[in-house]
Amino acid sequence: MSVYQSLLLTVSAKGASYCVLIDPDKIEEKALPSFVEQATGAGTDVFLVGGSLIVDDSFERTIRTIKQHSNIPVVIFPGGVMQISGAADAILFLSLISGRNPELLIGNQVLAAPIVKKIGLEAISTAYMLVESGKTTSAEFISNTRPLPRHKPDIAVAHALAAEILGFKMIYLEAGSGAEQSVPDEIIGAVAKHCSVPLIVGGGLKTPDDARKKVNAGAKFIVTGTVLEKNGGATLMKEFASAIHSK
Ligand code: 1GP
């Protein structure tokens, strides 16, 4: 079975899937094994690994450490074209379709595709959509793109429909890491209503209640990163998992 199929099976079984984002730049290597074990025990379904600004060679080591300490899928959420590793189970093969930066729509994908193919890494084509979330986020600044307006669900729906017609397997609605405001429920609801591609929602989720609202609006995968870097702990991860798992 492909990793993509296994992710969808988890959604069918649990209602939605809890994804914990690990940015190798933001967690101490010493702390990683116990964090991974706690997250696994708390009911995490997927580890995403990536970051906008990974400054050393910790990317590959981080994936290997996670694999040593957990059996759940490790999926690369690449912050750049260098973030590819055969040690992971799959990669979200992203195209930043909310923006109009050709390098992030197709340029980086052309550079990455031969490597992904050569190492035999499963690629899950994912339409990445940045949504306005208050102050400028790193994702917005680094990508040099404008996010989608947060009060115009019809614009988000039109992008999502284009993604569906183009054959993307996932749509990632992103407010940006550490965003002031998460993706509005109205945008998630409108996209889920008009489009059948599974939705990942992340960025700025601070409480389990926030996460539950996103699932109720139509998200199938919920991502948390910053809140765990700040407040960590098995208890909070368990609360997130149980808020997200509606079945
Ligand atoms: C960022 O969606 C992820 O790409 C997670 O965001 O760090 O705000 O949880 P946070």
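Residues 206 to 452 (the numbering used here) are what the sequence shown spells out, left to right.
Note that beta-carbon positions come from the ideal geometry of N, C-alpha and C, so glycine has one too.
Taking all protein chains shown into account, Gly255 has 16 or more neighbouring C-beta atoms within 10 Å of its C-beta and is therefore buried.
For Val396, the enclosing alpha helix (DSSP H) stretches over residues Asp390 to His399. Of the other Cβ atoms in all chains shown, 16 or more fall within 10 Å of the Cβ of His364; this residue is therefore buried. From the listed residues Gly423, Asp250 and Ala344, the smallest Cα separation to Pro283 is found for Ala344. In this structure, the C-beta of Val432 approaches the ligand 1GP to less than 7 Å from one of its heavy atoms. In the DSSP secondary-structure assignment, Val315 is not bridged to any residue.
For Val280, the number of other beta carbons within 10 angstroms of its own is at least 16, and it is reported as buried. Three or more beta-carbon pairs separated by less than 8 Å are not found between the region 327-344 and the region 227-244, which leaves the two stretches without contact. Secondary structure at Glu233: coil, using DSSP grouped into helix, strand and coil. Considered as a whole, the region 233-287 harbours 251-254 and 279-281 as its complete beta strand (DSSP E) runs of no fewer than 3 residues, in chain order. Rounded to whole angstroms, the gap between the alpha carbons of Thr342 and Pro354 is 14 Å.
For Ile449, the enclosing alpha helix (DSSP H) begins and ends at Ala439 to Ile449. Excluding residues up to 5 positions away in sequence, nothing lies with its Cβ nearer than 6 Å to the Cβ of Lys398 in the same chain.
Ranked by Cα distance from Leu226, the options Arg417, Ile311, Met206 and Leu297 are led by Leu297.
A contact between stretches requires three or more CB pairs, one per stretch, nearer than 8 Å, and the region 418-437 meets this requirement with the region 381-390. Under the three-state reduction of DSSP, Ala221 is assigned to coil, being neither helix nor strand.
Setting aside the 5 residues that flank it on each side, Val388 is surrounded in the same chain by Val336, Leu378, Ala380 and Val406, each with a C-beta closer than 6 Å to its C-beta; the list follows chain order. Per DSSP, the beta bridge partners of Tyr377 are Tyr333 and Ile405. Excluding five sequence positions before and after Leu316, the CB atoms of its chain that fall closer than 6 Å to its own CB belong to Val286, given in chain order. If you check the C-beta of Ser222 against the ligand 1GP, you find no heavy atom less than 7 Å away.
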